[in-house]
Amino acid sequence: MGGRNPRTVRMIAILVVLILVVSAVAAYYVFFLQSSACNFSSTNPLIFDQPERPDTLDPHVTFSTPGWGIVQQVYQSLVNYNGSDHTTFLPVLAKSWSVSSDGFNYTFVLRQDVHFSNGDPFNAYVMWFSLYRAIIMNADGAFILQENFWLPGVNYYSDTNDSDNATAWVTNALNTWDFFNPTTAQKALMAADNNSFQAVDDYTLVLHTGYGYLGTFPYAFLLASIAGPIASAVDPKVVQQNGLVIPGDRNAWMATHMVGTGPYVLAGGVLDIESAPSYTLNPTPNYWGVNASKAEPKNNIIQPAKSTIQIDFQNDPAIGVNDMKTGKVVGASFAYIGPSTVHSLQGVACVSVNALNTVYGSTAGGWWIYMNQTVEPFNNWSVRQAVVHAINYQRIIDVAFGGYAERWVGPVPPGYPYYNPDSLEPYKYNLTLAQQYMSQSPWPSGYPTPINYEFVNLGDWADVARLLKDDLSKIGINLNTVSIPNIDKLYELQRFDGNGDCIAQTSANGGPFPIGQEFYTSDYISPDDWTQNNAISYGSANVCMAGYNDPTMDTLVLDAATQSDSNVAKAEYAQMTKMMYDNATVAWLVIPTQFQVVNTHLLGYVENPMGAALPFVVVQNTCYATRS
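First residue of the sequence shown? That's 7 in this note's numbering, and the numbers climb one at a time after it.
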């Protein structure tokens, strides 16, 4: 566990009924058409079509949008986003919290009336168990905690032997202690101030930052980082009775079963995520939040569930459209759909199409074209400059996205803190300038052999590949466009093979791919969540793709992530943006406009950029439907 982990991109599954609008509707126009004659199959359960399956039901392992979608209905964390606001937070398992003056220590006073759906109690020792379990398991999302936290008595950069010893004793504790009624000696160990997660007493938990790979610094976006599934409370007894905690490994029982503190329980208690046609979430009987929610009516996260939720796995867009039109479902997910699908939903009775602001598009995914700087011809600066100026960006926006996308600049996306602080203009389409740059390269008449370009063959991106091929041919770069069937295959390209080679730069999947399509979707809303992915040398969307490696950049990324002075942070993010801009590291393409489509009879849902549309909202508990 002592080695630095490259950041891993969370598998994107477009937020349900959030669709890339590629039609001729007016920008940010809201369609809200109702008819007294419209059909509506069910008010309870609320039924949704969803093409993607959860990767797992274990909150400390899931790293996909559909996984997060179900997990956050059943499990809860200390805090979560405040309604539609992504900069303030609500208490969930915590009742209140305070932050030390130096920003290192977060003290949480926990609620005393919380229990799991099976009746087992919740306390600070349960949170100690849960948070250390996530670190010990070291699954894909563990880096979110490992940025700032590590094991008792050691830090991320401690001697391997010391970390191994800490791993051994913590694992033994997780698998053998009674966290509902620990001994005095066990309480003392959990209350020691050398813990990243210090259980001071039954209902006081202190999180001490500065132990993780970001170094001995406070972290400004800590609450955002612990609002997701990785920081969820799990029942220690359930884990101990069903597979235990194994360092660096998964728990097969937890992958298919769910016992949480949240407003929903999984119907039947188990889900075969590989073959089940659907899943159902029922309101939790004897839910702890019934009384607390009355005292906190504006806290949407802790409200009892109003309706049963049914998710049908259905990946045919035509069926999804028909289900929306007929009222069979209150929502359906469409991943990167084309114009015909969108047109077929416009003007439909009882269907509402709402444009969402930029930050929703950024969390769903920003897209760019990488050029690998370790191989010809993109190891030449003039060639990269030629490429970024040869792309007719507006044509791509107009043709591929119907005008519903926006340009962006830099490693941080629009709508996020510290986006493009110096307001650098996006690269201009200038074919004459591009040809001048190409003439200054070793290949003034064009690169002599075709170059493989990968793209995910989903809807609009095939159009982008076609347009890009045409654009670059005008500067003598001939692309051999190779379609990648799905997002999982794109993630595979980002990894290393058994020989330590970047898969994207081998012959796998039709490669090598010196140039190609790349994107990132947020784990949580913070600028460093992006820069540690696409700017730092070992970021998963950089190391095997753009191959951009600058020690100064690495230092800036880590320092800015922990910078307590906002003016210094702004200057550092400005410097990062300028460095990549001048280097022509990538050709930043677009942030597609995101739209939410729901049945107009569906009420009560709360949008949030980290889960903007059903059924991938942060929580579905406030949703209900009426026939009136």
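Cβ atoms here follow ideal geometry from the backbone N, Cα and C, with glycine treated the same way.
Cross-strand partners of residue i (DSSP beta bridge)
i      : result
Asp55  : Asp318 and Ala338
Thr628 : DSSP output for Thr628 lists no bridge partner at all.
Pro598 : Ala411
Phe203 : Leu213
Ile375 : Gln523 and Ala593
Cys508 : Phe502
Tyr459 : Thr487 and Ile521
Thr222 : Its beta-bridge partners do not exist; DSSP assigns none.
His263 : Val276
Leu116 : Ala100
Leu180 : Its beta-bridge partners do not exist; DSSP assigns none.
Asn111 : His214
Cβ pair residue i, residue j closer than 8 Å
i      : j      : result
Val85  : Pro97  : yes
Gln636 : Pro57  : This structure gives no information on residue 636, because the portion of the chain shown stretches from 7 to 634.
Val381 : Pro520 : yes
Asp329 : Asp241 : no
Asn484 : Pro456 : yes
Val389 : Met444 : yes
Gln441 : Ala590 : no
Asn458 : Pro518 : yes
Lys475 : Ala396 : no
Tyr209 : Ala130 : yes
Tyr217 : Phe149 : no
Leu351 : Val327 : yes
Ile597 : Gly333 : no
Leu609 : Ala631 : yes
Thr5   : Asp428 : Residue 5 lies beyond the residue range present for the chain, which begins at 7 and ends at 634; the question has no answer from this structure.
Ser546 : Gln500 : yes
Pro289 : Pro310 : yes
Val67  : Ala261 : yes
Residue i in three-state terms, based on DSSP
i      : result
Ile403 : helix
Gln581 : helix
His121 : strand
Leu287 : strand
Phe149 : helix
Glu524 : strand
His92  : strand
Thr568 : coil
Asn492 : coil
Ala100 : strand
Glu498 : helix
Val85  : strand
Ile542 : coil
Ser368 : helix
Thr68  : coil
Pro454 : coil
Phe135 : helix
Leu229 : helix
Leu195 : helix
Pro127 : strand
Tyr587 : helix
Tyr443 : helix
Leu609 : strand
Val658 : With the chain represented from 7 up to 634, any question about residue 658 goes unanswered, as that position is not in the structure.
Val271 : strand
Val80  : helix
Within-8 Å CB hit, residue i to chain B
i      : result
Ala233 : This model lacks chain B altogether, as it is built from one protein chain only.
CB-CB length for residue i against residue j, believed under 8 Å
i      : j      : result
Pro432 : Tyr399 : 7 Å
Ile375 : Leu595 : 6 Å
Met143 : Pro417 : Between Pro417 and Met143 the Cβ distance is about 29 Å, and since that is not below 8 Å, they are no contact.
Glu302 : Ser231 : No, Glu302 and Ser231 are not in contact; Cβ-Cβ is about 23 Å, not under 8 Å.
Ser543 : Tyr526 : With 8 Å as the limit, Ser543 and Tyr526 do not qualify as a contact, their Cβ atoms being about 16 Å apart.
Gln626 : Ile315 : 5 Å
Thr563 : Thr537 : The question names Thr, yet the displayed sequence has Val at residue 563. About 5 Å separates the two Cβ atoms, so the contact holds.
Ala273 : Leu287 : 7 Å
Pro158 : Asn200 : 6 Å
Tyr81  : Ser238 : 4 Å
Ile53  : Asp318 : 7 Å
Val405 : Leu478 : The pair is not a contact, with the Cβ atoms about 16 Å apart (cut-off 8 Å).
### Task
Determine, using beta-carbon pairs with one atom in the stretch 452–468 and one in the stretch 481–494, whether at least three such pairs fall under 8 Å.
Yes, the stretch 452–468 touches the stretch 481–494.
### Task
Indicate whether the contact test is met: 3 or more Cβ pairs, each with one atom in the stretch 204–214 and one in the stretch 112–128, closer than 8 Å.
Two segments are said to touch when three or more pairs of C-beta atoms, one from each, lie closer than 8 Å; by this definition the stretch 204–214 touches the stretch 112–128.
### Query
With contact counted as at least three CB pairs below 8 Å, one residue from each stretch, are the stretch 260–271 and the stretch 293–310 in contact?
Contact between the stretch 260–271 and the stretch 293–310 is present, because at least three Cβ pairs lie under 8 Å.
### Task
Spell out a yes or no on whether the stretch 127–142 and the stretch 185–196 are touching, meaning 3 or more CB-CB pairs, one atom from each, closer than 8 Å.
Yes, the stretch 127–142 is in contact with the stretch 185–196.
#### Entry: At least three beta-carbon pairs within less than 8 Å, the stretch 277–290 to the stretch 165–181
No, because fewer than three Cβ pairs between the stretch 277–290 and the stretch 165–181 fall closer than 8 Å, the two stretches do not touch.
### Task
Taking 8 Å as the threshold, find out whether the stretch 558–570 comes into contact with the stretch 175–190 through three or more Cβ pairs.
Contact between the stretch 558–570 and the stretch 175–190 is absent, because fewer than three Cβ pairs lie under 8 Å.
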